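Residue numbers (the numbering used here): 96 to 267.
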């Protein structure tokens, strides 16, 4: 039953993004060039992502204790909402090509933040320590991918991106 938690995520991440345009799909699928530790982090990221998705097929949503269930439901819902908003914002960058609208005014990486919140909600709803471990590995490895993306953005957008980095935090 845990796999049902993935259905809204998949619809938002792939369906909504596709509805918003092929350009957004192509930009979201692009991985910036990786160097050194980033290459290892990329494979760890992919393995953790696969582990999260596959492991959810073996988990069940647990309603007791109620406080943990409701906390998990709130975190899960917040993750889905943040993901949907960040996808919509991502699909319409400014004329310069830098996303600075909506959630991108608060975080340079709102999709990654939304992924973490969403998967954290899944871990709470299933009360799985192992899933939480996969989520932490996923998030830790994504930091290296984000750094490669920032390097790529600096090469593409120069001082405009450097100014954006000064104004907006990497995460929150």
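Idealized CB from N, CA, C, for every residue including glycine. Here the structure is a predicted model, which means the values were calculated and not measured.
Cα-Cα separation between residue i and residue j, rounded to whole angstroms
i: residue 157; j: residue 220; result: 6 Å
i: residue 197; j: residue 182; result: 10 Å
i: residue 192; j: residue 162; result: 43 Å
i: residue 102; j: residue 132; result: 32 Å
i: residue 143; j: residue 206; result: 17 Å
i: residue 100; j: residue 125; result: 26 Å
i: residue 168; j: residue 96; result: 15 Å
i: residue 190; j: residue 252; result: 12 Å
i: residue 245; j: residue 159; result: 42 Å
i: residue 211; j: residue 228; result: 12 Å
i: residue 202; j: residue 262; result: 10 Å
i: residue 301; j: residue 134; result: Summary: the structure shown does not reach residue 301, with the chain confined to residues 96 through 267, and so no result is reported for it.
i: residue 119; j: residue 199; result: 15 Å
i: residue 180; j: residue 173; result: 11 Å
i: residue 114; j: residue 213; result: 21 Å
Where the alpha helix (DSSP H) through residue i begins and ends
i: residue 210; result: 205 to 221
i: residue 127; result: It is not in any alpha helix (DSSP H) - residue 127 carries neither H nor E in the DSSP assignment.
i: residue 144; result: 132 to 151
i: residue 258; result: 254 to 262
i: residue 115; result: 112 to 115
Proximity of residue i and residue j at Cβ, strictly below 8 Å
i: residue 266; j: residue 195; result: no
i: residue 136; j: residue 239; result: yes
i: residue 237; j: residue 128; result: no
i: residue 123; j: residue 112; result: yes
i: residue 215; j: residue 154; result: no
i: residue 171; j: residue 217; result: yes
i: residue 175; j: residue 98; result: no
i: residue 241; j: residue 204; result: yes
i: residue 116; j: residue 209; result: no
Cβ-Cβ separation, residue j to residue i (assumed contact under 8 Å), whole Å
i: residue 177; j: residue 104; result: Not confirmed; about 11 Å, so no contact.
Assigned secondary structure, residue i (DSSP; H/G/I helix, E/B strand, else coil)
i: residue 187; result: coil
i: residue 157; result: coil
i: residue 234; result: helix
i: residue 242; result: helix
i: residue 251; result: helix
i: residue 163; result: helix
i: residue 99; result: helix
i: residue 265; result: coil
i: residue 196; result: coil
i: residue 181; result: helix
i: residue 225; result: helix
i: residue 172; result: helix
i: residue 105; result: helix
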